[in-house]
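Going down the list, the protein sequences come from chains A and B. Residues in the first sequence are numbered from 1 upward in steps of one, following UniProt numbering. Residues in the second sequence are numbered from 1 upward in steps of one, following UniProt numbering. All C-beta atoms, glycine included, are put in the ideal place defined by N, C-alpha and C. None of the values given here were measured: they were computed from a predicted structure.
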Amino acid sequence: MTRATALRRGLVPWLLPIALLAVWEVAAKAGWLSARVLPAPSDIAVAFWITLKDGSLPHHVGISAERAVLGLAIGGGLGFALGLVNGALPLAEDILDSSLQMLRNVPHLAIIPMVILWFGIGEEAKVFLVAVGVLFPMYLNTFHGIRSVDRGLVEMGRVYGLRPVALYLRVILPGALPAILVGLRYALGIMWLTLIVAETISASSGIGYMTMNAREFLQTDMVLLGIIVYALLGKLADIASRWLERRALKWNPSFHTGLEAA
Amino acid sequence: MMVPLRAAPPPQVQPEVQDEAPVTGKGLELAFDGVTKAFGDVSVLKGLDLAIPAGQFVAVVGRSGGGKTTLMRLIAGLDGPTSGTIRIDGTARRGLQPDVRLLFQDARLLPWQRVLSNVGIARGPGWKARAQALLAEVGLADRAGDWPYVLSGGQKQRVALARALVTEPGILLLDEPFGALDALTRADMHRLLTRIWGQHGFTAILITHDVAEAVALADRVLVLRDGRVAEDIAVDIPRGARATGAPRLAELERRILNAV
Chain A
1 MTRATALRRG LVPWLLPIAL LAVWEVAAKA GWLSARVLPA PSDIAVAFWI TLKDGSLPHH
61 VGISAERAVL GLAIGGGLGF ALGLVNGALP LAEDILDSSL QMLRNVPHLA IIPMVILWFG
121 IGEEAKVFLV AVGVLFPMYL NTFHGIRSVD RGLVEMGRVY GLRPVALYLR VILPGALPAI
181 LVGLRYALGI MWLTLIVAET ISASSGIGYM TMNAREFLQT DMVLLGIIVY ALLGKLADIA
241 SRWLERRALK WNPSFHTGLE AA
Chain B
1 MMVPLRAAPP PQVQPEVQDE APVTGKGLEL AFDGVTKAFG DVSVLKGLDL AIPAGQFVAV
61 VGRSGGGKTT LMRLIAGLDG PTSGTIRIDG TARRGLQPDV RLLFQDARLL PWQRVLSNVG
121 IARGPGWKAR AQALLAEVGL ADRAGDWPYV LSGGQKQRVA LARALVTEPG ILLLDEPFGA
181 LDALTRADMH RLLTRIWGQH GFTAILITHD VAEAVALADR VLVLRDGRVA EDIAVDIPRG
241 ARATGAPRLA ELERRILNAV
């Protein structure tokens, strides 16, 4: 492949989005599109710049990120721990698993009215909802991962003198890791989704609040900015989890590109 | 019962391996006294009596379902006998044994550990140096830092062999470890195993359905049939003379095949 074709391949996918943006900009500036329906891309950029300079955007993003991380840590940690325990101890599975499976079938966003009654619109409500949302994907994938570890490797570990703790750390946990990381990626997706809904319904800060507040004052550019920020944060979480997968699963040939494997 | 003396190891045949380690380990004696094993109503082993002296190389052949794998799992301590006793080094044993190691049919390397860490799976002080020394013995000193997935089938089995020997076991069980390898690699593995057995002096028990493999490697071949030792045949040919296809070898193979 020559440099020219490489360049062409790199540029071609961007042509359509850039053209659409250009048409959008022209249509908005010419007045064909009402600013209330769809403000020009340049207006959104200006809104971004203004809110960045006055510190309100970083403030709201910071608060949203804090809720997301806290909820993920609590719910994901709990789901992970439950998955570990139930995967390892049949007794724990008998006691806990069917209850967890029942709870899993309750859509976690359906409990928002309940959560507001319990916590009001404070921080706890948002963190709680995120935690509930991420708990089940983490639990299910961790449990499944532990259960599907190659029995032959576990037997080998026992014959080669590994005691239960070493067996767990060196054989079972690494064997379950690919499934656990899949659970983490699901959890990250649910984490943002839950946060968007929770912040939009009841909050006094965060990106969702910023967006809803802007809607009250018909600031469509700010609403769009909020949506774009959510999209970027989601993408960022996805990139982070992919990076983690590639690092943690170096031993797995399916996580190598052709170049790395060579 | 005929118990031939251990034949001298053959001359060095693995050119890529230079390290000539002295005999470091010590084989352990193994005995079965009236061992039976039943799964529900089906008895797989029916009163097995067996005496294997320290350092002997024994091959166990038989049809599938004849109890070979059960025998191996009993020696490894993965299962317990229904009745009877298994004695290692003169004392009755139950449960997993630290001085017995098992080479599986599939190498069973941990894919998430590099080769060196796989060999030194039991860890303990100074494990890296010992694991590296064993890797050198099997001719893979330069692959210590590789992930298992880049190794060929034969290389994986050689790593597994190094892993089995790193704790200097008194008894090494081999559960058809070369069955999945191509003929040339299998011949290489036979030479390597014979040499390493000669150097380490462990008691080797090889499960196989390949009669040619049994007579090429072992001092003695046990034919397992219907849960009993149907035939106990000494391979009274010096190891150096086996590769050349001696007529006595063909005769032994025929006798074993008839007994199976």
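Interface residues of chain A facing residue i [CB-CB closer than 8 Å]
i, result
"Ala-76(B)", "Val-159"
"Asp-106(B)", "Gly-152"
"Pro-98(B)", "Gly-161"
"Ala-122(B)", "Tyr-160, Gly-161 and Leu-162"
Cβ neighbour criterion (16 or more within 10 Å) applied to residue i
i, result
"Pro-178(A)", "buried"
"Val-23(B)", "Residue placement at Val-23(B) is flagged as unreliable, the pLDDT there being 46, under the threshold of 50; a coordinate-derived value is accordingly withheld."
"Ser-83(B)", "exposed"
"Ile-18(A)", "exposed"
"Glu-213(B)", "buried"
"Lys-53(A)", "exposed"
"Gly-76(A)", "buried"
"Trp-147(B)", "buried"
"Val-235(B)", "buried"
"Gly-95(B)", "exposed"
"Leu-252(B)", "buried"
"Gly-10(A)", "exposed"
"Ala-6(A)", "exposed"
"Gln-12(B)", "With a pLDDT of 44 at Gln-12(B), under the threshold of 50, the predicted position of this residue should be treated as unreliable, and no value is reported."
"Ala-118(B)", "Per the sequence shown, residue 118(B) should be read as Asn rather than Ala. Buried."
"Glu-137(B)", "buried"
"Glu-124(A)", "exposed"
"Ala-30(A)", "exposed"
"Leu-218(A)", "exposed"
"Leu-72(A)", "buried"
Delimiting residues of the beta strand (DSSP E) encompassing residue i
i, result
"Thr-203(B)", "203-207"
"Ser-34(A)", "That residue, Ser-34(A), is in no beta strand (DSSP E); it is neither H nor E in DSSP."
"Thr-170(A)", "For the record, residue 170(A) in the displayed sequence is Arg; it is not Thr. Arg-170(A) -> no beta strand (DSSP E), and no H or E assigned at all."
"Leu-109(B)", "That residue, Leu-109(B), is in no beta strand (DSSP E); it is neither H nor E in DSSP."
Under 9 Å by beta carbon: chain A residues contacting residue i
i, result
"Trp-147(B)", "Lys-250, Trp-251, Asn-252 and Pro-253"
"Leu-110(B)", "Leu-153, Met-156, Gly-157, Arg-170, Val-171, Pro-174, Gly-175 and Trp-251"
Where the alpha helix (DSSP H) through residue i begins and ends
i, result
"Lys-68(B)", "68-76"
"Phe-119(A)", "112-119"
"Glu-213(B)", "211-217"
"Glu-231(B)", "No alpha helix (DSSP H) contains Glu-231(B), which is instead part of the beta strand (DSSP E) from 228-234."
"Gly-47(B)", "Unbroken run through Gly-47(B) is the beta strand (DSSP E), 42-52; no alpha helix (DSSP H)."
"Asp-97(A)", "90-104"
"Phe-48(A)", "41-53"
"His-60(A)", "56-71"
"Lys-250(A)", "Counting along the chain, Lys-250(A) falls outside any alpha helix (DSSP H), and DSSP gives it neither H nor E."
"His-144(A)", "123-147"
"Ala-27(A)", "3-29"
"Ile-256(B)", "247-259"
"Ser-117(B)", "115-119"
"Leu-109(A)", "Leu-109(A) -> no alpha helix (DSSP H), and no H or E assigned at all."
"Arg-151(A)", "151-159"
"Arg-123(B)", "Per DSSP, Arg-123(B) belongs to no alpha helix (DSSP H) and is neither H nor E."
Beta-bridge pairing of residue i - partner residues as DSSP gives them
i, result
"Thr-36(B)", "Ser-83(B)"
"Leu-96(B)", "For Leu-96(B), which the question treats as bridged, DSSP gives no partner whatsoever."
"Val-61(B)", "Val-223(B)"
"Thr-91(B)", "Ile-88(B)"
"Leu-30(B)", "Ile-52(B) and Ile-88(B)"
"Leu-102(B)", "Leu-173(B)"
Amino acids of chain A, ordered along the chain, whose beta-carbon sits closer than 7 Å to that of residue i
i, result
"Leu-102(B)", "Val-159"
beta-carbon residue i near the ligand SAM non-hydrogen atom, thresh 6 Å
i, result
"Thr-194(A)", "Because no ligand of any kind appears in the structure shown, any question about the ligand SAM cannot be addressed here."
Complete alpha helix (DSSP H) runs within the segment 139-184 of chain B (minimum length 4 residues, chain order):
153-165
Go through the segment 210-244 of chain A residue by residue and report every complete run of the beta strand (DSSP E) that reaches 3 residues or more, in order. none
* **Cβ-based contacts, 8 Å cut-off: residues of the segment 165-197 of chain B near chain D** => In the structure shown, chain D does not exist; the protein chains are A and B.
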